Amino acid sequence: MSESHDTLPDRRTTYHHGDLREQLLAVVRELVEVHGPDGFSVAEAARRAGVSTAAPYKHFKDRTELMNALVSDAMDRLAEQMAQGRDRFAVGTYESVAGIGQAYIDFAKAEPGVFRLMFSLTEGHEEDDILHQKGNLCRDIVDRACGACLGAEANSPVSMLSAYILWTSVHGHAFLSIDKKNKVEAEDLDDWDFLMAVSRAVLDASGRR
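Counting from 1, one number per residue, gives the positions in the sequence shown under the UniProt record's numbering.
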């Protein structure tokens, strides 16, 4: 993006002792959205938070740990929103599955920089057990919703395969949307229509009861 650092709010007036970790994560989230994960320094984040350049290292040993903490926070929020999307509809319905997908796409569109970071740009997250657990929690939400539709256990092969097909379809659509790669299709295709179509197709093919 072409916005300058000066378009971001300076948070030094809102900082209070004891909430530096959360303050830094909020600042870094904003910086990622404007400049990408490599377009700023820890020193810049500290300046935006209104603290010394040494202060972030009281909570994060290095830049990688800071970025992984941002991803961890994002995964918590994504899981919460996915569950809320599911719970808008009755258990075992196409809509409950589509609701999860809608939350996923909405998150990607609201925070495209963080979304990209979660799935492709964070260093070291493949060795982070906590991030793996949080990723599994997001996947479990889809597995359970599919299982409810199929009359099967969440960890059954049919539920997990359906969930995987749905997740990859929605994930691809989300990335194509935020990267503006589907402009022609997007003019004629509503997200919800897409989600309902793919949910019906996958679940019916899997033997929905």
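Heads up, the beta-carbon is just placed ideally off N, CA and C, and yes, glycines get one too. No experiment lies behind these values; they were computed from the predicted model shown.
{"Asked": "Would you kindly report the start and end of the unbroken alpha helix (DSSP H) that includes T168?", "Found": "157-178"}
{"Asked": "Where in the region 25-60 do unbroken runs of the alpha helix (DSSP H), each at least 4 residues long, occur, reported from the N-terminal end onward?", "Found": "42-49"}
{"Asked": "Taking the CB atoms as reference points, tell me whether M75 and L117 lie closer together than 8 Å.", "Found": "no"}
{"Asked": "Determine the extent of the alpha helix (DSSP H) in which L66 is found, giving its start and end residues.", "Found": "63-87"}
{"Asked": "Around the C-beta of D38, are 16 or more other C-beta atoms found within 10 angstroms, so that it is buried, or is it exposed?", "Found": "exposed"}
{"Asked": "Should A163 go down as buried or exposed, given a rule of 16 or more other Cβ atoms within 10 Å for buried?", "Found": "buried"}
{"Asked": "Cα-Cα, which of G50, L189, V32, H35 is closest to G23?", "Found": "The amino acid occupying residue 23 in the given sequence is Gln; Gly does not appear at that position. Among G50, L189, V32, H35, the Cα nearest to that of Q23 belongs to G50."}
{"Asked": "Assign L203 to one of three DSSP states: helix, strand, or coil.", "Found": "helix"}
{"Asked": "Can you find at least 3 beta carbon pairs, one from the region 142-156 and one from the region 189-207, that sit closer than 8 Å?", "Found": "yes"}
{"Asked": "DSSP on G151, reduced to helix/strand/coil?", "Found": "coil"}
{"Asked": "Give the range of the alpha helix (DSSP H) segment to which V97 is assigned.", "Found": "94-110"}
{"Asked": "Counting Cβ pairs closer than 8 Å, one from the region 136-145 and one from the region 79-90, do we hit at least three?", "Found": "yes"}
{"Asked": "Out of A154, M196, F175, which one is the CA nearest neighbour of S96?", "Found": "M196"}
{"Asked": "How about R48 and V34: do their beta carbons lie closer than 8 Å?", "Found": "no"}
{"Asked": "Whose CA, out of S72, L78, L25, lies closest to the CA of Y57?", "Found": "L25"}
{"Asked": "Give the DSSP-derived three-state secondary structure of A197 in the structure shown.", "Found": "helix"}
{"Asked": "At the level of alpha carbons, what is the spacing between E30 and G99?", "Found": "27 Å"}
{"Asked": "Taking a contact to mean a Cβ-Cβ separation below 8 Å, would you say A103 touches I178 in this structure?", "Found": "no"}
{"Asked": "What does a CB cutoff of less than 6 Å around G92 pick up in its chain, not counting 5 residues either side in sequence?", "Found": "A148, C149"}
{"Asked": "I believe L166 touches S199 by the beta-carbon criterion, under 8 Å. Please report the beta-carbon distance rounded to the nearest angstrom.", "Found": "7 Å"}
{"Asked": "I'd like the list of long-range same chain contacts for S159, defined as Cβ closer than 7 Å, with 5 residues on each side in sequence excluded.", "Found": "D143, C146, G147, L150, A152, E153"}
{"Asked": "Here's a check: name, in chain order, each residue in its chain whose Cβ is nearer than 7 Å to the Cβ of D191, leaving out the five neighbours to either side.", "Found": "Q102, I105"}
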